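Residue numbers for the sequence shown, in the working numbering: 210 to 430. Working notes, structure below.
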Amino acid sequence: MDDADHQSRTDFLPARLRMVDQQLQRRGIYDSAVLAAMRTVPRHEFVLPEDLGQAYGDHPLSIGHEQTISQPYIVASMTQELRITGKSRILEIGTGCGYQTAVLAKICEHVYTVEWVSELLTGASDRLRRLGYCNVTFREGDGSLGWAEYAPFDGILVAAAARNIPPVLMEQLADPGRMVIPVGEHLFSQQLMLIEKKGAKTTVDELYGVRFVPLRTSDLN
Ligand code: SAH
């Protein structure tokens, strides 16, 4: 890292720490691993150059291809709901720019991430390699089909809104395991759902209202 590089990275630290304090801790994010990850992952590396000044703002941002980087609170909250540990293997659907992927990768053992849009996937995998994340496996394709080869997963995080909870994802969830997924057909009426598999019992809870881009589905579904 040369001087200019070092300067550009450290300049964002106060904004990042403020984001964690004001947007996350004050709104009830308590998991210390999630807070530590969000204090570390350089969110400004994941936004478009013209949005650098808003990288730590309390809102989603466009990342091109009609997709978005989620609001920091949503990333933290969805990660916290998974209750992951350093031993967890996580499936993420909707890599986008790779910010959520990086937060997960800081905390868990391995992230398997699937993205539909080829250019986004390439961008995210290049970015994460450059930033030194080694515990992520990338795939281009339809994540609503899961990733059978590496199943079961201790946690599944879906970052796009589904019409229903795909049964194949339920099958690929470990026991015990937790999944968070936005469900709903309309932009303004999606609910973030938490599914918990434990022994013979599977529970489904509505957490809160969210706005995600739609989960695309291929004919294979
Ligand atoms: N995780 C991102 C937000 C991703 S936005 C963050 O860190 O902020 C949702 C992403 O889901 C988009 O990039 C979109 O292309 C992708 N997507 C939509 N349907 C998909 C599908 N069926 N399989 C994989 N990715 C999908």
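Glycine residues also receive a C-beta, built at the ideal position from the N, C-alpha and C atoms. Note that the coordinates shown come from a computational prediction; the quantities given were computed from them, not determined experimentally.
Here the alpha carbon of residue 288 sits roughly 23 Å from the alpha carbon of residue 394. The Cβ atoms of residue 333 and residue 307 sit closer than 8 Å to each other. Taken from the Cβ of residue 324, at least one heavy atom of the ligand SAH lies inside 7 Å. About 6 Å separates the beta carbon of residue 257 from that of residue 272, a gap short enough to meet the 8 Å contact definition. Closer than 7 Å to some heavy atom of the ligand SAH: that describes the Cβ of residue 276. With a cutoff of 8 Å on beta-carbon distance, residue 401 and residue 413 are scored as not near each other.
Sequence-distant partners of residue 398 (beyond 5 residues in either direction) whose C-beta falls short of 8 Å from its own C-beta, in its chain, are 418.
When C-beta atoms of the segment 373-389 are compared with those of the segment 350-365, three or more pairs fall below 8 Å, so the two segments count as touching. Cβ neighbours of residue 337 within its own chain (closer than 7 Å, five residues either side excluded): 307, 310, 311, 345. Taking the Cβ atoms as the reference, residue 290 lies roughly 5 Å from residue 403, within the contact range of under 8 Å.
Residue 250 and residue 285 do not touch by the CB rule: their CB atoms are close to 11 Å apart, not below 8 Å. In terms of Cα proximity to residue 292, the closest of 405, 426, 415 is 405.
Note on geometry: alpha-carbon atoms of residue 280 and residue 232 lie some 10 Å from one another. For residue 220 and residue 226, the gap between their C-alpha atoms comes out near 11 Å. Scanning the segment 233-305 for uninterrupted beta strand (DSSP E) segments of 3 residues or longer gives 270-273, 276-278, 298-302, listed from N- to C-terminal end. Closest in C-alpha terms to residue 390, from the list 301, 224, 265, comes 301. Every unbroken stretch of the alpha helix (DSSP H) spanning 4 or more residues and falling wholly within the segment 374-415 is given here in chain order: 376-380. In this structure residue 315 is buried. Its beta-carbon is surrounded by 16 or more other beta-carbon atoms within 10 angstroms.
When only Cα atoms are considered, residue 263 and residue 366 end up about 25 Å apart. The beta carbon of residue 236 lies closer than 7 Å to those of 282 in the same chain, with the five residues before and after it left out.
Membership of residue 341 in any alpha helix (DSSP H) is not indicated, and neither H nor E is assigned to it by DSSP.
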